[in-house]
Amino acid sequence: MTRRLLLSYLGLAILVLAGLEIPLGWIYARAEVSRASQSVERDASMLAEVTEENIEEGNLDALPDVVGDYATRTGGRVVVTDRQGIVLADSDPSGRTGIGISTQPDIARALRNEPTVVTGDEVLSATMPGSSGTTVRGALRLTHPMAEVHTRVHRIWGALALAGACILAAVALAAFTLARWITRPLRTLEAATAQLADGRLTNPPDTTTGPPELRSLAVSFTHTATRLQQLLNAQQAFASEASHQLKTPLTALRLRLENFEPHLDPRAHGSLEEAVGEVERLSRMVQGLLALARLENSATTPEPVDLDTVIADRAAMWEPLAAEQYVALAITGRTAGRVWAIPGALEQIIDNLVANALRVSLPGTTIALHRAPGTELHVIDQGPGMSEADRARAFDRFWRSSDSHHDGTGLGLPIVRHLVHASGGDITLHPAPGTGLDAAVRLRPVTGGRSGGTGIGSSKSAQAAAPVP
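In the numbering used here, the protein residues as written are 3 to 471.
As structure tokens, this is what we get:
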């Protein structure tokens, strides 16, 4: 923002200087040309009078001295003719005398007693009649080079440019100082915002410098950030305490229900088992909610993780349980390499997806952990699959398919999506070839750069979040 403010001030200053200096330089150039033209015309008139007197008196030998002396002093060229247009004297050593130039337009007009003044790009020319009254005894042409005029014009343009550069330098210094003063609260506010995004505000924005509006904004931000931190701390404290406070009564409730079994009529045993199952489901739901709370209240930066190693490790962990249900686990595809993920997230993602796939897989089927190009991980089962409408709602909290026959909590996939997004990736559900579901997880490959993203979740909370149906 400092640069934009500086450029805007300099742009405005350049427009003002251009609006002042360009007309001033143009007026000065026109005035210089006009003064030079008037000077040449005046000199030509004076020389025409002198040469006319010499011609009238027949003193033609004095003409070369008159025109030569003037040419030496001023650098101009003087040509004198008689009434027939025959050159009598020429200050230019290479010039010729005795030739007729009456056909030249300016000489012809002068012989008709009509003066001529011409301002060209290279020379100024003034042609005057040598006359007394209406009697014309000759003509005089005075030409003067424009080099000296151009030099003076260029000099004034240079002076104006130098003055403009000095003014711009002063404006730039003042504008930079003013821009830094204006943007200082914004810089401290930006740093505080980055700290707040990481979960902790250690250096509040400066509220003592800058324009009043920015100071007020910094005060409002500090108040909002403080309140937000208080709410986050309260939520974190709740998540931490609730995990301990809810486990004990749920465990006690389950034990009390199980203790009823010997004292109940056998016909009530089915209801008792359903009640115990609901308590277990409530316990898993509480664990899922606490896991989500920990993920949402903590922040960390994704780190490089070897996807192939994590897949092999989790497949080895789940293989015995899958074998008990006569379900095979297969790792397919080419080596994926390293990806960006928050600590512990990949393990939780694979565990939840494999747990969901295993829950719907029939004996004799296979769950594939397929590594596709572009660091994609596909968990593919051969279960009943999901309709398009169900896949669109599968990541909603507590949502379960209407034809679901298991006791899931509806929090497993939301947790997975949270971990994937925190790692900078994405997850989608697709129909598997034939039958079943394909959960596609796309992660960012490690290409040698550092991660610039900030995820949600922490190493402890991600590792503590067990697979939730």
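Every residue gets a Cβ at the ideal spot worked out from N, C-alpha and C, and that includes glycine.
Query raised in the report: If L434 sits next to D428, beta carbons under 8 Å apart, how far is it from one beta carbon to the other, in whole angstroms?
Result: Inspection of the sequence shows that residue 434 is occupied by Ala rather than by Leu. Not a contact, Cβ separation roughly 19 Å.
Requested in this report: Give the single residue among Y72, V173 and A324 whose Cα lies nearest to the Cα of V362.
Outcome: A324
Requested in this report: Could you tell me which residues DSSP puts in a beta bridge with L373?
Outcome: Correcting the residue type first, residue 373 is Arg in the shown sequence and not Leu. Paired residue(s): G335 and L379.
Query raised in the report: Looking only at DSSP bridge pairs, what is G102 linked to?
Result: I88
Query raised in the report: Skipping 5 residues on each side, what residues in its chain have a beta carbon closer than 8 Å to that of L476?
Result: With the chain covering only 3 through 471, there is no way to say anything about residue 476.
Query raised in the report: In three-state DSSP terms, what is N205?
Result: coil
Query raised in the report: Taking Cβ to Cβ, would you say V281 is nearer than 7 Å to R258?
Result: no
Query raised in the report: For L90, which of T76, G70 and S36 has the nearest alpha-carbon?
Result: G70
Query raised in the report: With a CB to CB cut of under 7 Å and the five nearest residues on each side skipped, what residues in its chain are close to F397?
Result: L415, P416 and R419
Report task. Round the Cβ separation of R399 and L413 to the nearest angstrom and send it over; I've been treating them as touching at under 8 Å. Result -> 6 Å
Query raised in the report: For the candidate residues S134, R79, A172 and T83, whose alpha-carbon lies nearest to that of P147?
Result: R79
Query - Exposed unless 16 or more other CB atoms sit within 10 angstroms - verdict on N261 - result: exposed
Query raised in the report: Roughly how many angstroms lie between the CA atoms of H380 and A236, to the nearest whole one?
Result: 38 Å
Query - Inter-residue spacing [alpha-carbon to alpha-carbon] between T76 and S39 - result: 14 Å
**Report entry** Per-residue DSSP class, three states only, for M319
**Finding:** helix
Query raised in the report: Which same chain residues, not among the five before or five after G451, have their C-beta less than 7 Å away from its C-beta?
Result: Here the model assigns G451 a pLDDT of 48, short of 50, so the residue's position is not dependable, and the following value carries that caveat. If we look at G451 and ignore the five residues flanking it on each side, it has no Cβ neighbours.
Query raised in the report: Nearest-angstrom Cα distance between V81 and E51?
Result: 14 Å
Query raised in the report: By Cβ distance below 7 Å, which residues in the same chain neighbour V35 in space, the five residues on each side in sequence not counted?
Result: T121 and V151
**Report entry** Nonlocal neighbours in the same chain, by C-beta distance under 6 Å from V221, ignoring five residues either side
**Finding:** T209
Query raised in the report: For the candidate residues L14, E349, I88 and D123, whose alpha-carbon lies nearest to that of Q106?
Result: I88
Query raised in the report: Of all the options L198, H271, T367 and P251, which has the alpha carbon lying nearest to the alpha carbon of Q231?
Result: L198
Query raised in the report: Should R85 and R139 be called a contact, given that it needs their Cβ atoms to be closer than 7 Å?
Result: yes
Report task. Would you kindly work out how many angstroms separate the C-alpha atoms of V356 and P187, rounded to a whole number? Result -> 50 Å
Query raised in the report: Buried or exposed: which applies to E43, given that a residue is buried once 16 or more other Cβ atoms fall within 10 Å of its Cβ?
Result: buried
Query - Three-state class that DSSP yields for T437 in the structure shown - result: coil
Query - Neighbourhood of T334 by C-beta distance below 8 Å, restricted to the same chain and skipping five residues each side - result: A370, L371, H372 and R373
**Report entry** Test item: CB-CB of A33 and V155 under 7 Å
**Finding:** no
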